[in-house]
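*Asks:* Per full-length UniProt numbering: the sequence shown = residues 1 to 138.
In this text, a Cβ means the ideal position worked out from N, Cα and C, and glycines have one as well.
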Amino acid sequence: MSKTLVLLCRKNLRSICKNLMVLSQKRIFSIDEKNESGVNKLIPISQMIEEQKYLDNVGENVFPIAWAEGGNYVVVDFDKNASIYFWDHEEPDNQTLLGSDVYDFLSKLKPFDPDSVELKEGQVESAWIDPDFLKSLK
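What follows is the structure in structure tokens.
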């Protein structure tokens, strides 16, 4: 990657990260008509290059900007006008466009309301809670 491109990417990444800081709580986004995912945590700029190593089948100008649910990422592709994509580790060749830019992506985020999740009888067969985690909730 050229030095100029590296500087441009770093400048743009800083701008994108500043705009993503509005994520004060977990937010969800639509992947398609039937599926949603959530932003778990923003990736610090200092970790983006390291996290980029885990992305399969992406260009060198694609950077992860947030960890998404299920071991997936929200990424920015500087080869595609800094568009924002969902990268699914189970389908690394099939990135899903989330927004034409970071502003478009942010405008589509919705708050996650755990009370809106309705489990139907038989939907959960079993559950295990780590005893140490349970103690931390009390």
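Going by alpha carbons, who is nearest to Glu60 out of Gly38, Ile49, Ile31?
*Replies:* What you label residue 60 is simply residue 60 of the sequence shown in a count that begins at 1. Measuring from the Cα of Glu60, the nearest candidate turns out to be Ile49.
*Asks:* Please classify Ser83 as buried or exposed, where buried requires at least 16 neighbouring CB atoms within 10 angstroms.
*Replies:* As a working note, residue 83 is residue 83 in the sequence shown. Ser83 should be labelled buried.
*Asks:* Quick one: what's Tyr73 bridged to in DSSP?
*Replies:* Taking the first residue of the sequence shown as 1, we reach residue 73 at position 73. In DSSP, Tyr73 forms a bridge with Trp67, Trp87.
*Asks:* Have a look at Lys110, Tyr103, Asp93 and flag the residue whose alpha-carbon is nearest the alpha-carbon of Asn81.
*Replies:* Position 81 of the sequence shown holds residue 81. Minimum Cα distance to Asn81 is reached at Tyr103.
*Asks:* Give me, in chain order, the residues of the same chain whose beta-carbon lies closer than 6 Å to that of Ser100; leave out the 5 immediate sequence neighbours on both sides.
*Replies:* Locating residue 100 in the sequence shown gives position 100, counting from the first residue. The residues are Ser83.
*Asks:* Count the other CB atoms, across all protein chains shown, that sit within 10 Å of the CB of Ile129; report buried if there are 16 or more and exposed otherwise.
*Replies:* If you number the sequence shown from 1, residue 129 lands on position 129. Under this definition Ile129 is an exposed residue.
*Asks:* What residue range does the beta strand (DSSP E) around Leu42 cover?
*Replies:* Residue numbering aside, residue 42 sits at position 42 when the sequence shown is read from its first letter. Run containing Leu42: 36-42, per the beta strand (DSSP E) assignment.
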